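*Asks:*
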Amino acid sequence: MSEAHVELVAKRFQAFAEPFLAEPGDNFAYRLKVEHTIRVSAIATDIADHSRVSERVRFAARLAALLHDVGRFPQYKRYRTFRDAESANHAALSVRHTLRGDMLADVPEDIRRLTLGAVILHNVRALPLTLPPETLAVARLVRDSDKLDIFRVMIAHFSQETPQHPEVALHVKPHPTAYSQAVLDGLLRGETGDYRHIVWVNDFKLMVAGWIYDLNYRHSLKLLRERGYLDTIFDSLPAEPKLLALRSQIMGHLAQRLAGD
Ligand SMILES: [Fe+2]
C-alpha cells in the first residue's frame, strides 16, 4: 500500500463522477459532492498526519474519505434528493458502487475491509463501540473529516441571501428566529442532534453545532477552533438566553477538550 494507491482511487472516483457531471441541467448537486469529497480527503489526510494512527488506519481513512459519498451520485440521479429517508441509504449505495466499479482493486485486503467498514459507518447516528479498534479508528477519522467539511458547506449555504440549492440543507424551513425546543433540549443534555427532529433552519444550525460532541480526534477539534465555525454558527442564531447558555456550554466543552494546548 502506497501513495500511488491513493492516487489511483482518487482517479477512479473522478472517473466515476464524470458522467454525472456531464449530465444536462441540474449538475450543481453533483459538483457539490465532488468538491466535498476532495476537501474531506484533504481533511482526513491532515487529521491522520497529526494523530497517532497506524499506516493502515491512515491509508484506509484516506480511501474511505474518497469513497464515502460515491452513493450520492446514483442517489441523486434516481431520486433527485439527498434525503436518505425518502430515497435510499447513501452509505450502502457507496459500498455497492465501490464494489461494482471495483474501485478498490489492487488495494490490500485488510485495508479494503477497513475502508468499506468506514464507508458504511460514515452516516450512522452513533458508532457501535463493540467494533474492532482499527475499524473504529478509521470510521471516526472519516466521520470527523466529513463533519468538518459539512460545517463549511452549511455556513456558506446559510450565509447566502438565496441558498444555492435546497438539497444542501435537506429542505429545512427558513425563519430568522424559530427553532425546535426538542432539538435545543437534546443538545443541552450533551446529545447529538437527530435529523428527524429538524424542522427549521435554526434547528439545522443547532444540530451542526452539536456535532462537537461527536468529534473524536483532537486535531479535528483544533481545526474546528481554528476555522471559527462555532462562532459563525452561534452569531447567526437569535440572542436568546437558552441559546446563549448552549453557546457557552459548547464553547466550554471545546476549550476543555483542547486544554493544555
Ligand atoms: Fe455521506
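Counting in the working numbering, the sequence shown runs from -14 upward without gaps. Note that CB positions come from ideal geometry on N, CA and C, so glycine has one too. Only a predicted model underlies this, so the values are computations on that prediction, with no experimental measurement involved.
Roughly how many angstroms separate the alpha carbons of T30 and Q166, rounded to a whole number?
*Replies:* Residue numbering aside, residue 30 sits at position 45 when the sequence shown is read from its first letter. Residue numbering aside, residue 166 sits at position 181 when the sequence shown is read from its first letter. Approximately 37 angstroms between the Cα atoms of the pair.
*Asks:* Let me check you understand the geometry: is the CB of D129 closer than 7 angstroms to at least one non-hydrogen atom of ligand 1?
*Replies:* Your numbering for residue 129 matches position 144 in the sequence shown. No, ligand 1 has no heavy atom inside 7 angstroms of this Cβ.
*Asks:* Beta-carbon separation of V80 and L101 under 8 angstroms?
*Replies:* The sequence position of residue 80 within the sequence shown is 95, counting from 1. The sequence position of residue 101 within the sequence shown is 116, counting from 1. Remark: C-beta atoms of V80 and L101 approach each other more closely than 8 angstroms.
*Asks:* Can the beta-carbon of F58 be found less than 8 angstroms from the beta-carbon of Y15?
*Replies:* Here residue 58 corresponds to residue number 73 of the sequence shown, with the count starting at 1. Here residue 15 corresponds to residue number 30 of the sequence shown, with the count starting at 1. Contact flag set, yes.
*Asks:* Report the CB separation of L215 from L173 in whole angstroms; it is logged as a contact under 8 angstroms.
*Replies:* Within the sequence shown, the letter at position 230 stands for residue 215. Within the sequence shown, the letter at position 188 stands for residue 173. In fact, because the Cβ distance is near 15 angstroms, the residues do not count as touching under 8 angstroms.
*Asks:* Nearer than 7 angstroms: is that true of the beta carbon of D188 relative to any heavy atom of ligand 1?
*Replies:* Stepping through the sequence shown from its first residue, residue 188 is reached at position 203. Every heavy atom of ligand 1 is 7 angstroms or more from the Cβ of D188, so no.
*Asks:* Roughly how far, in whole angstroms, is the beta-carbon of I197 from the beta-carbon of L239, given that I think they are within contact range, below 8 angstroms?
*Replies:* Counting from one through the sequence shown, the residue named residue 197 turns up at place 212. Counting from one through the sequence shown, the residue named residue 239 turns up at place 254. The beta carbons of I197 and L239 sit about 6 angstroms from each other, so the pair counts as a contact at 8 angstroms.
*Asks:* For N74, verify whether its CB is less than 7 angstroms away from any heavy atom of ligand 1.
*Replies:* Taking the sequence shown and counting its residues from 1, the one referred to as residue 74 is at position 89. It does not: the Cβ of N74 is nowhere closer than 7 angstroms to a heavy atom of ligand 1.
*Asks:* With distances taken Cα to Cα, identify the nearest neighbour of T162 among E225, F5, E94 and S144.
*Replies:* Here residue 162 refers to the residue found at position 177 of the sequence shown. If we check each option's Cα against that of T162, E225 comes out closest.
*Asks:* Check the DSSP bridge columns for W185 and list the partner residues they point to.
*Replies:* Here residue 185 corresponds to residue number 200 of the sequence shown, with the count starting at 1. The partner list for W185 (beta bridge, DSSP) reads K158.
*Asks:* Answer yes or no: do A2 and V19 have a C-beta to C-beta separation smaller than 8 angstroms?
*Replies:* As a position in the sequence shown, residue 2 is number 17, starting the count at 1. As a position in the sequence shown, residue 19 is number 34, starting the count at 1. Yes, the pair counts as a contact, with Cβ atoms nearer than the cut-off.
*Asks:* Looking at D54: is its Cβ nearer than 8 angstroms to the Cβ of H82?
*Replies:* By one-based count along the sequence shown, residue 54 stands at place 69. By one-based count along the sequence shown, residue 82 stands at place 97. Between D54 and H82, the C-beta gap is not smaller than 8 angstroms, which leaves the two residues out of contact.
*Asks:* Among the candidates V92, N108 and E71, whose CA atom is the shortest distance from the CA of A77?
*Replies:* For the purposes of this step, residue 77 is identified with residue 92 of the sequence shown, where counting begins at 1. Minimum Cα distance to A77 is reached at N108.
*Asks:* State the Cα-Cα distance for the pair Q60 and A73, rounded to the nearest angstrom.
*Replies:* If you number the sequence shown from 1, residue 60 lands on position 75. If you number the sequence shown from 1, residue 73 lands on position 88. Distance between the alpha carbons of Q60 and A73: 7 angstroms.
*Asks:* Leaving aside the five residues before and after L51 along the sequence, list all residues of the same chain whose C-beta is less than 7 angstroms from its C-beta, in chain order.
*Replies:* In the sequence shown, residue 51 corresponds to position 66, counting from 1. Contacts found: V(-6), A(-5), F(-2), T22 and S26.
*Asks:* Is D91 near ligand 1 - that is, is its Cβ less than 7 angstroms away from at least one heavy atom of it?
*Replies:* Position 106 of the sequence shown, counting from 1, holds the residue named residue 91. Flag unset: Cβ of D91 not near ligand 1.
*Asks:* Kindly indicate which three-state DSSP category M236 falls into: helix, strand or coil?
*Replies:* Counting from 1 along the sequence shown, the entry for residue 236 is found at position 251. Looking at M236 - three-state DSSP - the assignment turns out to be helix.
*Asks:* Does L222 pass the burial test, meaning 16 or more other C-beta atoms within 10 Å, or should it be called exposed?
*Replies:* As a first step, residue 222 must be located in the sequence shown, where it is residue number 237. The residue in question, L222, is buried, as its Cβ has 16 or more Cβ neighbours within 10 Å.
*Asks:* Pull up the distance between the alpha-carbon of D91 and that of G171, whole angstroms please.
*Replies:* For the purposes of this step, residue 91 is taken as the residue at position 106 of the sequence shown. For the purposes of this step, residue 171 is taken as the residue at position 186 of the sequence shown. Each residue's Cα considered, the two are about 45 angstroms apart.
*Asks:* Where are the alpha helix (DSSP H) runs, 4 residues long or more, that stay fully inside the stretch 67 to 92, in chain order?
*Replies:* 75 to 85
*Asks:* Quick one: what's got a C-beta closer than 8 angstroms to V299's C-beta in the same chain, skipping five residues either side?
*Replies:* As shown, the chain starts at -14 and ends at 246. That puts residue 299 outside it, with no answer to give.
*Asks:* Quick one: what's got a C-beta closer than 7 angstroms to K227's C-beta in the same chain, skipping five residues either side?
*Replies:* Numbered from 1 along the sequence shown, position 242 holds the residue referred to as residue 227. Once the five neighbours on either side are set aside, the close Cβ partners of K227 are L169.
*Asks:* Identify whether T177 lies in helix, strand or coil by the three-state DSSP scheme.
*Replies:* As a position in the sequence shown, residue 177 is number 192, starting the count at 1. Coil at T177, not helix or strand.
*Asks:* Quick check on this structure: which residue in Q241, I28 and R63 has the alpha carbon closest to the alpha carbon of D131?
*Replies:* By 1-based counting over the sequence shown, the position of residue 131 is 146. Nearest of Q241, I28 and R63 to D131, Cα basis: I28.
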